[in-house]
Amino acid sequence: MTRKRSEGTMVYVEGTDMDINVRLETEKRTFIVGEPVEFRCILEVQNVAKRYFSISWAFNSSLIATFGANAVPVLNNEFAQREALGQLKVAKESDSVYILKIYRLRLEDSGKYNCRVTERLKTTTGEFIDGESKRPKNTPITVLPLKTNISVEVSNNATSVLEGESLRFGCSVRTGFRPQNRLSVIWQLVDKQNRRSDIVHLDRDGTLHPGPAYAERSSYGGIQMEQIWPGSFTLEIFNSLKADEGHYECRITEWTRRLDGEWQMIGERHNGSAVSITALDAGFAVTAISRTPGVTYNESFDLQCIIKPHYPSWVPVSVTWRFQPAGSTEFHDLVTFTRDGGVQWGDKYAGFRTRTAIEKSESSNNVRLSISRASDTEAGKYQCVAELWRKNYNSSWTRLADRTSNLLEIRVLRPVTKLQVSKSKRSITLVENGPLPLNCSVKSQTSPDSHFAVLWYVHKPSDTDGKLILKTTHSSVFEYGTYAEEEGLKGRLQFERSLSGGLFSLTVQRARVSDSGSYYCHVEEWLLNPNHAWYKLAEEVSGRTEVTVKLPDNCLEVNQSQKNLTILENEWVTLECLVINRSSRASQLSVEWYVWKTGHPEKEAVAKLTQQGVLLYGDPVVLNDLKSRLRVESPSPGQYLLIIQNMTVQDSGTYDCRVEEWLLDPTNTWYRRAAELSGLTTITVKKPDVSLQVDTTTANLTVVEQGQFHLDCNILSTSRRDSRLAVTWFTTKTKEKHGPAGRKNAEEREVLLKVSQDVIFSREGGPWEGRLCFQRLSATLYRLTVLRAVATDSANYSCRVEEWLPDPRGVWYKLAEEDSGPTAVYVQDTGTSLQSVICSNDSLFYFVFFYPFPIFGILIITILLVRFKSRNSSKNSEGKNGVPLLWIKEPHLNYSPTCLEPPVLSIHPGTID
Numbered sequence: 001m002t003r004k005r006s007e008g009t010m011v012y013v014e015g016t017d018m019d020i021n022v023r024l025e026t027e028k029r030t031f032i033v034g035e036p037v038e039f040r041c042i043l044e045v046q047n048v049a050k051r052y053f054s055i056s057w058a059f060n061s062s063l064i065a066t067f068g069a070n071a072v073p074v075l076n077n078e079f080a081q082r083e084a085l086g087q088l089k090v091a092k093e094s095d096s097v098y099i100l101k102i103y104r105l106r107l108e109d110s111g112k113y114n115c116r117v118t119e120r121l122k123t124t125t126g127e128f129i130d131g132e133s134k135r136p137k138n139t140p141i142t143v144l145p146l147k148t149n150i151s152v153e154v155s156n157n158a159t160s161v162l163e164g165e166s167l168r169f170g171c172s173v174r175t176g177f178r179p180q181n182r183l184s185v186i187w188q189l190v191d192k193q194n195r196r197s198d199i200v201h202l203d204r205d206g207t208l209h210p211g212p213a214y215a216e217r218s219s220y221g222g223i224q225m226e227q228i229w230p231g232s233f234t235l236e237i238f239n240s241l242k243a244d245e246g247h248y249e250c251r252i253t254e255w256t257r258r259l260d261g262e263w264q265m266i267g268e269r270h271n272g273s274a275v276s277i278t279a280l281d282a283g284f285a286v287t288a289i290s291r292t293p294g295v296t297y298n299e300s301f302d303l304q305c306i307i308k309p310h311y312p313s314w315v316p317v318s319v320t321w322r323f324q325p326a327g328s329t330e331f332h333d334l335v336t337f338t339r340d341g342g343v344q345w346g347d348k349y350a351g352f353r354t355r356t357a358i359e360k361s362e363s364s365n366n367v368r369l370s371i372s373r374a375s376d377t378e379a380g381k382y383q384c385v386a387e388l389w390r391k392n393y394n395s396s397w398t399r400l401a402d403r404t405s406n407l408l409e410i411r412v413l414r415p416v417t418k419l420q421v422s423k424s425k426r427s428i429t430l431v432e433n434g435p436l437p438l439n440c441s442v443k444s445q446t447s448p449d450s451h452f453a454v455l456w457y458v459h460k461p462s463d464t465d466g467k468l469i470l471k472t473t474h475s476s477v478f479e480y481g482t483y484a485e486e487e488g489l490k491g492r493l494q495f496e497r498s499l500s501g502g503l504f505s506l507t508v509q510r511a512r513v514s515d516s517g518s519y520y521c522h523v524e525e526w527l528l529n530p531n532h533a534w535y536k537l538a539e540e541v542s543g544r545t546e547v548t549v550k551l552p553d554n555c556l557e558v559n560q561s562q563k564n565l566t567i568l569e570n571e572w573v574t575l576e577c578l579v580i581n582r583s584s585r586a587s588q589l590s591v592e593w594y595v596w597k598t599g600h601p602e603k604e605a606v607a608k609l610t611q612q613g614v615l616l617y618g619d620p621v622v623l624n625d626l627k628s629r630l631r632v633e634s635p636s637p638g639q640y641l642l643i644i645q646n647m648t649v650q651d652s653g654t655y656d657c658r659v660e661e662w663l664l665d666p667t668n669t670w671y672r673r674a675a676e677l678s679g680l681t682t683i684t685v686k687k688p689d690v691s692l693q694v695d696t697t698t699a700n701l702t703v704v705e706q707g708q709f710h711l712d713c714n715i716l717s718t719s720r721r722d723s724r725l726a727v728t729w730f731t732t733k734t735k736e737k738h739g740p741a742g743r744k745n746a747e748e749r750e751v752l753l754k755v756s757q758d759v760i761f762s763r764e765g766g767p768w769e770g771r772l773c774f775q776r777l778s779a780t781l782y783r784l785t786v787l788r789a790v791a792t793d794s795a796n797y798s799c800r801v802e803e804w805l806p807d808p809r810g811v812w813y814k815l816a817e818e819d820s821g822p823t824a825v826y827v828q829d830t831g832t833s834l835q836s837v838i839c840s841n842d843s844l845f846y847f848v849f850f851y852p853f854p855i856f857g858i859l860i861i862t863i864l865l866v867r868f869k870s871r872n873s874s875k876n877s878e879g880k881n882g883v884p885l886l887w888i889k890e891p892h893l894n895y896s897p898t899c900l901e902p903p904v905l906s907i908h909p910g911t912i913d
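First residue of the sequence shown? That's 1 in UniProt numbering, and the numbers climb one at a time after it.
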């Protein structure tokens, strides 16, 4: 089968709902150049999304642009350029809304605008054909030329200000300002002479340009202009001048950018405000005042420097206080309160700084000068000088004016004195060399801090005026008067001040009769001024004190008791000189002892103890050796002892003492006030009694030739224990002597050996050499042994004892001497054996040697008693004092009870073997 298709035929079927309605809308019909305009072409059709339309825009029936179904706009040449510059826009906002927007209208844009809508139908072949076309009514707009509509308002902080205050202006655009436009602002000043000057210019680009007359001030920040926000501007002028007074204008120019990019001025508006400026020095004046033109020492006073008019605290004013001391003709700067608030002190009166305070009021420029502890230094005339300053924009200062105040005199007075000194009178009587107390009493004083200078005077009946004794200054410095120098009072004055400070005492030590007179004091009251300088406020004289100085009474009294003393030679005696009473406790005593001896016409000085305690001796010829035996003691005050050691017979006599009382006068010179003698003391010095006794028993000895025999010397008693003994052995032989009368028998006495009291032996001589042996068997028993007896040794032997004592001078003298009984010695020839016979028979031995002794002893004692009585008186006159004998030590000996042979002891002169 075959099939064949024929050509088709397009058939358009239009529904009843395919009608087209078009509206053209805009916000307004009148515009200003530069404003935007938007035209909206609105389709009112059914099923618009599935249909196709082309839109064409026309201006005054001339095609502007075409918007096809493909939604691609096509513009003509002129509008294509504007679209390329972004000044025009053709767009589809939605399927039913198409817009034409001109961003910046021009004058030539005034006219009729319209849009035509043509439906585009799509064929089966895909091609589009025009369908129904509709357009709304023309929409005319009017574009008016640019003209500013802004309004300007000017404000300021004050219409009247003080020179130096800041000026602040505000300039605001209230209405008609288009944000896309720009503004330029210029501030101008029109002075009273109607001269106009530019202050500052702010161009449309935001650049500031100060005016020629304000360029320098602006460079230092004296003029500032700011844009607070678009359309709001401020002008601030700091540190205003009087020349800144006038009418301030704010001129604002509105600019708009043309389509070619150039700015075009579209108008200017201005407004202004008048400002009056008061000159700083207008009415500038200064006044000095004080409420206390007269003050007392140490009080305070204030000086006020009042500055008019009442300037604010920021106004720089310097105030200088000047001072002219009392009695001076020149002013000097005292202190300056500088314009920047500092304080500068003058170099003339440095003392003001320590007690001066300067204060400036916070609310004004008034300056107060406060001075404390006022003194004479602050008395005088004060004046304040005020200087008005202005700080320039370049930080330099300009003095606008200066004013000097009135003179202000300040008187500084001393306090009123309250000094009162006691006026009471009194009398003083005292003994010379005692303290003289003088009092000066201040009953009242002006201030607790008062110091006093006290001048002490004495008035004598022979003088017309009082003489200055001592001055004690307020600083406790002593100054002696001429009277003290002349009378030697400097070393005797003692000044005291009580702790309370109101009682002054002057004590004249060691007063003397010439110190009698009328005494009084002169008191000066001194106070310390605020400058720490002392000044005399007042003075007053006290009552008088009548002083009488007399010598002390003579009260010296010495013990007058009498004494009789009998002592032995070589004993010590103490003579007491006792002072019972004296005139003064401060006195010194000198004591002198005297002795009156039998046969001497007057008393002789023994020793003197001066008041200085120096011991002086009498005439050396008179004292002889007494000086070495004297000793003076004072065991207690007023008791003086003269001790004489080792009294001798020559020291016998009558002793007494003479006491002198010495007093010290105020010139430190001792003078004798009294003298008194003590009672007498009679001293008798005797030698010691002689008590020397020697054994006087007679003995017979028979010895054989070449034998030995003992010669004992027994001392029965001595006068004193410290005596020394000298022993001498003698041999007595009878020899015949032929003389003119014929032949006679004479006894010849020969010394065998002598031992002195100093144990010195005499030399052996002749036949005795080498045959004598000395022994001291005890303190009172001496033995001499004769060795190797020969026939010529037959003789009578005896010993003589001398007792020696030392006198007070240490010289030994013989007190007594006495001989022992004789011992008859017979030396037998060696042929005789009597000795051996007697020694061999004990009974015969005792009969021969012991039994006869009692018989002979009784006989000898009887003889001695008779002899002693006959010689007693002669022995007493022969003896002399001595010292103990230095006995030689006895050798150790062995005795045989049955033999008479003694131990062998060889004795040589002066030695003992």
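Backbone N, C-alpha and C fix where the C-beta goes; we use that ideal spot for every residue, glycine too.
When the Cα atoms are used, what is the spatial distance from Gln611 to Gln588?
5 angstroms
Inspect the CB distances between the region 316–329 and the region 381–388 and report whether three or more fall short of 8 angstroms.
yes
Between the C-alpha atoms of Glu362 and Ala379, what's the straight-line distance to the nearest angstrom?
The alpha-carbon of Glu362 is positioned some 29 angstroms away from that of Ala379.
Any contact between the region 212–225 and the region 68–75? By contact I mean 3 or more CB pairs, one from each, below 8 angstroms.
no
In angstroms with no decimal places, state the Cα-to-Cα distance between Tyr52 and Val22.
14 angstroms
Going straight from the alpha carbon of Thr336 to that of Val343, what length do you get?
6 angstroms
Measuring CA to CA, which of Leu235, Leu241, Ala243 is closest to Arg251?
The candidate whose alpha carbon is nearest that of Arg251 is Leu235.
I need the boundaries of the beta strand (DSSP E) containing Gln224, first residue and last residue.
223–229
So is Asn181 buried or exposed if we call it buried at 16+ other beta carbons inside 10 Å?
buried
Using 8 angstroms as the cut-off, can you tell me whether the region 553–565 makes contact with the region 581–598, which would need three or more C-beta pairs spanning the two stretches below that distance?
yes
So, Gly34 versus Leu146, is the Cβ gap smaller than 9 angstroms?
yes
Determine the contact status of Pro854 and Thr698, defining contact as a CB-CB distance below 9 angstroms.
no
Taking Cβ positions, are Ser110 and Thr159 nearer each other than 9 angstroms?
no
Alpha carbon to alpha carbon, how far is residue 917 from Ile861?
In the structure as shown, the chain begins at 1 and stops at 913. Residue 917 is therefore absent and cannot be evaluated.
Which residues mark the beginning and the end of the beta strand (DSSP E) in which Tyr480 is found?
478–480
So does the region 321–335 actually touch the region 422–440, counting three or more Cβ pairs closer than 8 angstroms?
no
Beta carbon of Glu802, beta carbon of Thr728: below 9 angstroms?
yes
Measuring only the C-alpha atoms, how far is Asn529 from Ser516?
40 angstroms
Taking only three categories from DSSP, how would you classify Lys242?
helix
Quick check: what's the CA-CA separation for Gln650 versus Lys597?
9 angstroms
Using DSSP with H/G/I as helix, E/B as strand and the rest coil, what is Glu571?
coil
Alpha carbon to alpha carbon, how far is Ile307 from Asn366? Give it in angstroms, no decimals.
6 angstroms
State the Cα-Cα distance for the pair Gly543 and Tyr520, rounded to the nearest angstrom.
Cα to Cα, the separation comes out at about 6 angstroms.
Over the uninterrupted beta strand (DSSP E) stretch that includes Asn439, give me the two end residues.
436–444
Can you grab the Cα-Cα spacing for the pair residue 919 / Ala401, in whole Å?
In the structure displayed, the chain extends from 1 to 913; residue 919 sits before or after that span and is not available.
For the UniProt domain "Ig-like" (688–802), which segments carrying the alpha helix (DSSP H) assignment without a break, of at least 4 residues, lie completely within its bounds, in sequence order?
You should have found no qualifying run.
Does DSSP put Ser94 in a helix, a strand or coil?
strand
With DSSP as the reference, label Ser427 as helix, strand or coil.
strand
My output table needs one value for Leu105: the three-state DSSP class, helix, strand or coil.
coil
Are Ser240 and Gly164 closer than 9 angstroms when you measure CB to CB?
yes
Is residue 915 helix, strand or coil by DSSP?
Residue coverage of the chain in this structure runs from 1 to 913, which leaves residue 915 outside it and unanswerable.
Would the region 149–157 and the region 118–128 be scored as touching if the rule is three or more Cβ pairs under 8 angstroms?
no
Just to confirm the assignment, what range does the beta strand (DSSP E) spanning Asn77 have?
First-last for Asn77: 77–84, but that is the alpha helix (DSSP H), not the beta strand (DSSP E).
Pair every Cβ in the region 411–420 with every Cβ in the region 562–580, then say whether three or more of these pairs are closer than 8 angstroms.
Using a C-beta cut-off of 8 angstroms, the region 411–420 makes no contact with the region 562–580, since fewer than three inter-stretch Cβ pairs fall below that distance.
Just to confirm, are Arg168 and Glu153 a CB contact at a threshold of 9 angstroms?
Taking 9 angstroms as the Cβ cut-off, Arg168 and Glu153 do not qualify as a contacting pair.
How do the region 351–358 and the region 367–378 stand: do at least 3 beta-carbon pairs fall below 8 angstroms, yes or no?
yes
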